[in-house]
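Participant: Chains A and B, in that order, are what the protein sequence lines are. Final position of the first sequence in this note's numbering is 132; the numbers increase by one with none missing. Final position of the second sequence in this note's numbering is 1139; the numbers increase by one with none missing. Sending over a structure as structure tokens; questions will come in a sec.
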Amino acid sequence: MAKKNEVALIRRGETALVRRADPKEELITAVCDIFEMPDAFVVKLDMPGSSKEGVSVTVESDILTVRGMVKSLHRETVSMLMREIVALSYYRVFNLGKGLNADRTQAEFEDGVLTLTIPKADNYKERRISIS
Amino acid sequence: MFIRFAQPVFRTETKSPVESMIDDMFPSPFGRSSFPAVDVVEIEAEFELVAEMPGLKKEDVKISVEDRTLTLSGERKHSGFPDGTKIILHETQTHPFNRSFELPEEIDTNRIAAELKDGILRIRLPKVEKVKPQEIRIS
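This is the structure:
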């Protein structure tokens, strides 16, 4: 098995570059937005086709891993006339910095978007480097 | 069955000359730059158009049918960053979109139905019901 950080190699839409992380499972990087609030970081990942039950979020030391299973979009007996959706399972790994309370991460799944709110720790400080 | 694919029944007509030019300059690995990504499948009595629409609510999407052209348009309004926040990464697509598809003749446009769930839009396009051959018995 590849190392955790080496699995999510591709963006949605780049089928030609899909690599198999595991022979049984094809994975694709979920596109995401990240923004900083006064007391937390918010990560929003696009995972259309996944579901609340199909998403898993794990935190291990400083690594936050998101997976989203996608059930097949079509019945097997159909004939495809146009194909653009890369309906694979989603995967993305975040290397968290210090000063976050990752254990208290809140997750919410709505309209195919997973929102993670990662609270800052009390001792979180923005590192500013002064120019002399 | 796949001949249909070669003859683009669901031909899309979204690109302006400028967009086509941009596509020529930056070809994507499998030739699409349109949002949303769409699959079209044929099941016995109907076609189904499936589109990826993460983060969109049903009021954000407009589906219209005029003559034989189905148009999907809208905008992802419910994403966006709250005021005063610091954006660290922005990868999602938030521009307004507009994509059209030319429907085959055999679709009954009065019975088109759509459903949006978990970021996946499904539009059912039923075929016109064929009249069953009538058998006449000899009395």
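Even glycine gets a Cβ: it sits at the ideal position worked out from N, Cα and C. Just so it is clear, the structure is predicted and the values come from calculations on it, not from any experiment.
With Thr1071 of chain B as the anchor, note down where its beta strand (DSSP E) starts and where it stops.
Facilitator: On the second sequence, position 71 is the one that residue 1071 of chain B refers to. Its beta strand (DSSP E) spans residues Thr1069 to Gly1074.
Participant: Note down, in chain order, every chain B residue with its Cβ under 9 Å from the Cβ of Ser50 of chain A.
Facilitator: Indexing the first sequence from 1 puts residue 50 of chain A at position 50. The contacting residues are Asp1118 and Gly1119.
Participant: Provide the residue span of the beta strand (DSSP E) that contains Asn1098 of chain B, from first to last.
Facilitator: For this step, residue 1098 of chain B is matched to residue 98 along the second sequence. Asn1098 of chain B -> beta strand (DSSP E) spans Phe1097 to Glu1102.
Participant: For the beta strand (DSSP E) containing Met82 of chain A, name the first residue and the last one.
Facilitator: The residue you call residue 82 of chain A lines up with position 82 of the first sequence. From DSSP, the beta strand (DSSP E) with Met82 of chain A extends over Ser79 to Arg83.
Participant: My assumption, with CB atoms under 8 Å, is that Val93 of chain A sits in contact with Ile118 of chain A. Please give the rounded CB distance.
Facilitator: The residue you call residue 93 of chain A lines up with position 93 of the first sequence. The residue you call residue 118 of chain A lines up with position 118 of the first sequence. Actually they do not touch by this definition, with Cβ atoms about 14 Å apart.
Participant: Using the Cα positions of Phe1047 of chain B and Leu1103 of chain B, report the straight-line distance between them to the nearest angstrom.
Facilitator: The residue given as residue 1047 of chain B occupies position 47 in the second sequence. The residue given as residue 1103 of chain B occupies position 103 in the second sequence. Taking the straight line from one Cα to the other gives about 10 Å.
Participant: Where does Asn1110 of chain B sit, in a helix, a strand or coil, going by DSSP?
Facilitator: By one-based count along the second sequence, residue 1110 of chain B stands at place 110. Asn1110 of chain B falls in the helix class under three-state DSSP.
Participant: Should Leu27 of chain A go down as buried or exposed, given a rule of 16 or more other Cβ atoms within 10 Å for buried?
Facilitator: Counting from 1 along the first sequence, the entry for residue 27 of chain A is found at position 27. Flag for Leu27 of chain A reads buried.
Participant: Once the 5 residues before and after Glu1106 of chain B are set aside, which same chain residues still bring their CB inside 6 Å of it?
Facilitator: Position 106 of the second sequence, counting from 1, holds the residue named residue 1106 of chain B. If we look at Glu1106 of chain B and ignore the five residues flanking it on each side, its Cβ neighbours are Lys1127 and Val1128.
Participant: Which stretch, first to last residue, makes up the beta strand (DSSP E) that contains Ala1051 of chain B?
Facilitator: What you label residue 1051 of chain B is simply residue 51 of the second sequence in a count that begins at 1. Glu1046 to Glu1052 is the extent of the beta strand (DSSP E) around Ala1051 of chain B.
Participant: Please tell me whether Leu116 of chain A has its Cβ less than 8 Å away from any Cβ of chain B.
Facilitator: Taking the first residue of the first sequence as position 1, residue 116 of chain A is located at position 116. No, its Cβ sits nowhere closer than 8 Å to a Cβ of chain B.
Participant: Using beta carbons (cut-off 8 Å, strictly below), is Met82 of chain A in contact with chain B?
Facilitator: As a first step, residue 82 of chain A must be located in the first sequence, where it is residue number 82. Yes - at least one Cβ of chain B is within 8 Å of the one on Met82 of chain A.
Participant: Report yes or no: is there a C-beta of chain B within less than 8 Å of the C-beta of Leu73 of chain A?
Facilitator: Looking up residue 73 of chain A in the first sequence gives position 73. Leu73 of chain A counts as touching chain B.
Participant: Touching or not, the stretch 49-56 of chain A and the stretch 69-78 of chain A, by the rule of three or more beta carbon pairs under 8 Å?
Facilitator: Contact holds: three or more Cβ-Cβ distances are below 8 Å.
Participant: Cβ atoms of Thr115 of chain A and Val42 of chain A: under 8 Å apart, would you say?
Facilitator: Along the first sequence, one-based indexing puts residue 42 of chain A at 42. Along the first sequence, one-based indexing puts residue 115 of chain A at 115. Result yes, Cβ atoms of Val42 of chain A and Thr115 of chain A sit closer than 8 Å.
Participant: Please list the partners that Ser130 of chain A has in chain B, where partner means a Cβ-to-Cβ separation under 7 Å.
Facilitator: Within the first sequence, numbered from 1, the residue matching residue 130 of chain A stands at position 130. The contacting residues do not exist; Ser130 of chain A stays about 19 Å from chain B at best.
Participant: Look at the alpha carbon of Phe1101 of chain B and the alpha carbon of Thr1069 of chain B, and state the distance between them as a whole number of angstroms.
Facilitator: Residue mapping note: residue 1101 of chain B aligns to position 101 of the second sequence, counting from 1. Residue mapping note: residue 1069 of chain B aligns to position 69 of the second sequence, counting from 1. Cα-Cα distance, rounded: 6 Å.
Participant: Quick check on DSSP: helix, strand or coil for Asp111 of chain A?
Facilitator: Taking the first sequence and counting its residues from 1, one reaches residue 111 of chain A at position 111. Three-state DSSP puts Asp111 of chain A in coil, outside helix and strand.
Participant: With DSSP run on the structure shown, which of helix, strand or coil describes Glu1066 of chain B?
Facilitator: If you number the second sequence from 1, residue 1066 of chain B lands on position 66. DSSP places Glu1066 of chain B in strand when its eight states are reduced to three.
Participant: Identify the contact partners of Asp1039 of chain B in chain A, using a Cβ-Cβ distance below 9 Å as the criterion.
Facilitator: Residue 1039 of chain B sits at position 39 when you count from the first residue of the second sequence. Result: Leu73, His74, Met80, Leu81, Met82, Arg83, Glu84, Ile85 and Ala87.
Participant: Taking Cβ positions, are Val113 of chain A and Asp46 of chain A nearer each other than 8 Å?
Facilitator: Looking up residue 113 of chain A in the first sequence gives position 113. Looking up residue 46 of chain A in the first sequence gives position 46. Yes. Within cutoff.
Participant: Excluding sequence positions up to five away, which residues of its chain have a Cβ less than 7 Å from the Cβ of Ala102 of chain A?
Facilitator: Taking the first sequence and counting its residues from 1, one reaches residue 102 of chain A at position 102. Val59, Leu64, Leu96 and Ile118.
Participant: Val113 of chain A touches chain B at which residues, Cβ-Cβ below 8 Å?
Facilitator: The count along the first sequence starts at 1 and reaches residue 113 of chain A at position 113. Result: Pro1054, Gly1055, Ser1079 and Gly1119.
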